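Below is one structure, written out as structure tokens, with a few remarks after it.
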Amino acid sequence: VFGNGDVDSPEKAMEMRDRFGTDGLMIGRAAIGNPWIFNQIKHFLKTGEHLPQPTIQERKQAAKEHLLRSVDWKGERVGIMEMRRHYANYFKGIPHFKETRMKLVTNDSIDELVDILDQIKLYQETETT
Numbered sequence: 005v006f007g008n009g010d011v012d013s014p015e016k017a018m019e020m021r022d023r024f025g026t027d028g029l030m031i032g033r034a035a036i037g038n039p040w041i042f043n044q045i046k047h048f049l050k051t052g053e054h055l056p057q058p059t060i061q062e063r064k065q066a067a068k069e070h071l072l073r074s075v076d077w078k079g080e081r082v083g084i085m086e087m088r089r090h091y092a093n094y095f096k097g098i099p100h101f102k103e104t105r106m107k108l109v110t111n112d113s114i115d116e117l118v119d120i121l122d123q124i125k126l127y128q129e130t131e132t133t
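Going by the working numbering, the letters in the sequence shown line up with residues 5 to 133, in that order.
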């Protein structure tokens with residue numbers, strides 16, 4: 005039996021398993037911009053403990069890789085346009101990020117987008133911990 009629907013945290017995954025006896029889960033929207041959710045859930049179900057949130061560097065790297073793969077798969081124009089909806093999720097909860105996010109969602113150049121991602125300030129890392 006597989007569970008599906010609104011599984012967006014390790015706690016909800018555990019609840020679904022314990023309440024309904026599921027053998028597995030299907031996760032959709034919760035993984036958008038949060039590819040770490042799978043390891044977080046697996047770890048929590050095994051240990052009952054939360055993994056640390058991904059660092060700014062991990063988020064930057066994942067967003068950059070996602071962007072490059074999207075452009076490689078769908079072409080520059082479509083890849084860039086489709087990627088815009090994901091930036092808010094990748095960088096959710098990071099203070100003072102609005103200006104950078106606006107640059108990411110309004111730029112049409114792959115080279116400039118990669119530069120913007122590479123230049124995300126490390127000082128934001130300390131503000132989230």
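From the three backbone atoms N, C-alpha and C, an ideal C-beta is built for every residue, glycine too. From a predicted model like this one, the values you see are computed outputs, not experimental measurements.
| Query | Result |
| --- | --- |
| For F48 versus P14, is the C-beta distance shorter than 8 Å? | yes |
| Give the secondary structure of G79 by DSSP, where H, G and I count as helix, E and B as strand, and everything else as coil. | coil |
| Look up L117 in the DSSP assignment and say whether it is helix, strand or coil. | helix |
| If we count the other Cβ atoms within 10 Å of its Cβ and call it buried at 16 or more, is A63 buried or exposed? | In the sequence as presented, Ala is not what sits at residue 63; that position holds Arg. The residue is buried, with at least 16 neighbouring Cβ atoms inside 10 Å. |
| Terminal residues of the continuous alpha helix (DSSP H) containing F42? | 41-51 |
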